[in-house]
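So for the sequence shown, our numbering puts the first residue at 93; every next one is plus one. Built from N, CA and C at the ideal position, the CB exists for glycine as well. All remarks here apply to the structure that follows.
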Amino acid sequence: MSRLQRSSLRASVTSAQLTTLFKTPILVLAFTRHVTSAVYFATISVTYKSANQEDLRSVQAYAPGIVGTIMGLLSLMHVYGLAWTVRRVCCLQRRGAASPVGRFLNSIMSPTTQLTLFHTIDVVSQSYQAGRMSFFLVDRRYAMSFAMLVSAYCLVTPWFLFTKHTVARRSLVLLINNALGFVLNSAFPIALFIFQALRLVILDRHVQNDDKFVTVSLLIGRYILVSSPADLFSKIASQCLSCVSIRSLVQSVTTKAPSARYPSRYSPPAAIVCGPPAALPLDSFSLQFRHRRHMLWYLIANLAWGITIVACAGAANFLRTPCPDYCMLATSPWLDLTCSCVHVELNCALRGIRGTTVDEYIRPRDIGTSLFTLNVRRCDLSHGVPIAALQPFQSLFAVFLYMTNITDWPLDPIGLTWPPSLTVLHIRGSNLQHIPQAFAVLPPNIVYLRVEGGHITSIPDAMFIAWANVSSLSLSNLQLAQIPSSIATFQELVSLELRGNELTNVPLIDPVTGTSPSLLTSVDLSANHFDHVPLDFVMLLPGVQFELSSNPIAALPPSLNPQLLTTRQLILDDTPFCNSAALSYCLPKCAKQCETQLLGDYRCDMVCYSGACNWDYGDCSSFGLSLDV
93 MSRLQRSSLR
103 ASVTSAQLTT
113 LFKTPILVLA
123 FTRHVTSAVY
133 FATISVTYKS
143 ANQEDLRSVQ
153 AYAPGIVGTI
163 MGLLSLMHVY
173 GLAWTVRRVC
183 CLQRRGAASP
193 VGRFLNSIMS
203 PTTQLTLFHT
213 IDVVSQSYQA
223 GRMSFFLVDR
233 RYAMSFAMLV
243 SAYCLVTPWF
253 LFTKHTVARR
263 SLVLLINNAL
273 GFVLNSAFPI
283 ALFIFQALRL
293 VILDRHVQND
303 DKFVTVSLLI
313 GRYILVSSPA
323 DLFSKIASQC
333 LSCVSIRSLV
343 QSVTTKAPSA
353 RYPSRYSPPA
363 AIVCGPPAAL
373 PLDSFSLQFR
383 HRRHMLWYLI
393 ANLAWGITIV
403 ACAGAANFLR
413 TPCPDYCMLA
423 TSPWLDLTCS
433 CVHVELNCAL
443 RGIRGTTVDE
453 YIRPRDIGTS
463 LFTLNVRRCD
473 LSHGVPIAAL
483 QPFQSLFAVF
493 LYMTNITDWP
503 LDPIGLTWPP
513 SLTVLHIRGS
523 NLQHIPQAFA
533 VLPPNIVYLR
543 VEGGHITSIP
553 DAMFIAWANV
563 SSLSLSNLQL
573 AQIPSSIATF
583 QELVSLELRG
593 NELTNVPLID
603 PVTGTSPSLL
613 TSVDLSANHF
623 DHVPLDFVML
633 LPGVQFELSS
643 NPIAALPPSL
653 NPQLLTTRQL
663 ILDDTPFCNS
673 AALSYCLPKC
683 AKQCETQLLG
693 DYRCDMVCYS
703 GACNWDYGDC
713 SSFGLSLDV
């Protein structure tokens, strides 16, 4: 056997040994990533398709119809990859035919260039996601961990581009990139989602009403779901690239190689024939820089970028200007070391804040411009929060004013408008005599509108029509005697709450056109003046739950389906009808306007704050209220 033949044989044996070494981790990664990613993207697709408009608008989902379909296609792509891998393992091929994509890449660039291209796309996509995540995660541990994993793309993987042996070089680069990509693209978002879901499902379902929990959950949701064209492109590119590279890896370890035995016409050296199998040469993993000097610049660029990522994330998380103590949640966006508060909670009574404004506590120089939720409690804000003071916060999602003695909320004198991102506006506990003028110019993204507590007897039609895009409308404890007929045209309305008013009828169905809110699922008319079951819309709006408790209803119409009562689709608790007999579908109430679901729901309901209702099960404990109110 010539020296060249022995060298070729030795290289062939080493390749076979390396292939055997990498086979198990490659197949484990392929199966794990395909299964997990298929389930993950299928779940995201179903979420897009099944979520109501109320939820999609809350998370500001980008092009939900299109993105939902694309997420489904990504899931099917991983299902196909899983099926191909199973077939490949079970039906071992003698020759490995490259995929059309693989043949195209092989025709235009070398294997090393392909590895470099794949790695570059991974670095760009994951760097974008890491920077994006810094704007959404309030837990510094998660944000820093994600950034460190992304930096590993740059600080670790490029070194293996200089590995001596081709099989080792190719396998290590693609294997590490896919492992990191799996953790960052699938495992990490799944862990974030599961943590929030477990807290909600296992610990307490009412935590969904807690302002801080909602803030954290929505920010995580906005990170997981697609929020922009760049985000969509990043997700598609990383998933398609992973499928191509995993297919290439699986193909390399499931292709049956020619026999490693020496041809019969040669006499193998005795040292090779006798004794144990040759060990894997360690120099296969050694790094060679001499013949790849053109790659050194790529290595240097990656190291510099990896260090930059670590520096940006570290500075953002540990060198940031402290936020005021009334900032309950903050993020750590890169390239900005000022406070980035996302949740402000101000209780003027507990903090001894006097005056009729809180403007000085929400200045951008103190809390940044990333404010997501503003929660103001027990402050004497007779004119609300000036729209000009809210203008700098273009990501503002919700404003909650609790027990603020508000009497008016005027328009801005120079024509400034609400931040377009505003989705939730709640006023609970006020001295309002009329609906504030500022509510006539609410942004189109508004989804949840609640005005609770006041002395408002009517609402102008023009004002009401301005709320046509609202999905959840609550006008409770206001002394309303009538509701404008335009409510029948609210096609985005999902939930309607008119508890504690003086209503005897609600025009949910237009008498001329017969139209009604098509998405409506629940109507709360408890503690009003209904003396009969409004059979017209109870029967004409099937599937809608009607709460008519604490109304003077003494009898039921003969044509009413009893199943509506037993399934509690129609609720008549605390009515003369229920009080006249012991009925299984009638439940007691601790107060006329305090429904059972309001107790212990993480919201301070003054109608439930009494000894008879066990002081709202502690929901008002953080408000600093006495027990004699």
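Could you check if A362 is buried or exposed, using at least 16 other CB atoms within 10 Å of its CB as the buried criterion? Residue confidence is low: A362 scores 37 on pLDDT, short of 50, so the model does not pin down where it sits. No coordinate-derived value is stated.
Mind checking W501: buried by the 16 CB within 10 Å criterion, or exposed? buried
Which whole-angstrom value is the C-beta distance of A239 and A405, which I expect to be below 8 Å? 3 Å
In the DSSP assignment, find the unbroken beta strand (DSSP E) run with E639 in it and report its ends. Q637 to E639
What does DSSP give as the partner residue(s) for A683 in the beta ladder? Residue pairing by DSSP puts A683 in a beta bridge opposite C686.
Any idea if G157 is buried or exposed, counting beta-carbon neighbours within 10 angstroms, 16 or more meaning buried? Classification of G157: exposed, given that the 10 Å Cβ count is below 16.
How is H621 classed by DSSP in three states: helix, strand or coil? coil
How is V434 classed by DSSP in three states: helix, strand or coil? strand
Distance, Cα to Cα, E687 vs K681? 6 Å
Limits of the alpha helix (DSSP H) - the one that A481 falls within: I479 to L482
Neighbourhood of I575 by C-beta distance below 6 Å, restricted to the same chain and skipping five residues each side: V598
Are V159 and V299 touching if we call contact CB-CB under 8 Å? no
Quick check: is the beta carbon of L391 nearer than 8 Å to any beta carbon in chain D? You won't find chain D in this structure, because it holds only one protein chain.
Could you have a look at H518 and say whether DSSP puts it in helix, strand or coil? strand
Note the first and the last residue of the continuous alpha helix (DSSP H) segment covering S330. P321 to T346
Take I479 and list the residues in its own chain whose beta-carbon comes closer than 8 Å to its own, dropping the five residues that flank it on each side. Result list for I479: L503, D504, L508, T509, W510 and A530, in chain order.
Looking only at DSSP bridge pairs, what is N467 linked to? E437 and F492
Consult DSSP for R542 and reduce its assignment to one of helix, strand or coil. strand
Alpha carbon to alpha carbon, what distance is there between S167 and V131? 7 Å
For S587, list the residues DSSP reports as bridge partners. S564 and S614
Hey, out of I506, N537 and I527, whose CA is closest to M722's CA? Nothing about residue 722 can be reported from this structure: the residues present for the chain run from 93 to 721 only.
What whole-angstrom Cβ distance do R542 and S522 have, given they're in contact under 8 Å? Actually they are not in contact, since the Cβ atoms of R542 and S522 sit about 11 Å apart, beyond 8 Å.
Residue range of the beta strand (DSSP E) that M420 falls in? C419 to A422
What is the rounded straight-line gap between the Cα of T139 and the Cα of F489? Their Cα atoms are separated by approximately 21 Å.
Consult DSSP for T596 and reduce its assignment to one of helix, strand or coil. Coil, per DSSP.
Going by DSSP in three states, L662 sits in which element: helix, strand or coil? strand
What residues in its chain sit with their C-beta under 8 Å from that of I445, if we drop five residues either side in the sequence? L438, Y453 and C471
Quick one: grab the DSSP three-state call for T255. The answer is strand: DSSP assigns T255 an E or B state.
Nearest by alpha-carbon distance to S217: which of L272, W251 and H170 is it? L272
With 16 other Cβ atoms within 10 Å as the buried cut-off, status of C440: Around the beta carbon of C440, 16 or more other beta carbons sit within 10 angstroms, so the residue counts as buried.
Could you tell me the boundaries of the alpha helix (DSSP H) in which R232 lies? R232 to L247
Which residues mark the beginning and the end of the alpha helix (DSSP H) in which G406 is found? L388 to F410 is the span of the alpha helix (DSSP H), which, as asked, contains G406.
How would you label P368, buried or exposed, when you count the other beta carbons within 10 angstroms and need 16 or more for buried? With a pLDDT of 46 at P368, under the threshold of 50, the modelled position of this residue cannot be trusted, and the question is left open.
Under 8 Å between C-beta atoms of Q685 and V699: yes
Proximity winner among I338, L617, R660 and V533, relative to L119 (alpha-carbon distances): I338 is the residue among I338, L617, R660 and V533 whose C-alpha sits nearest the C-alpha of L119.
Output the distance between the C-alpha atoms of Y494 and T596, rounded to the nearest integer angstrom. So the two alpha carbons sit approximately 28 Å from each other.
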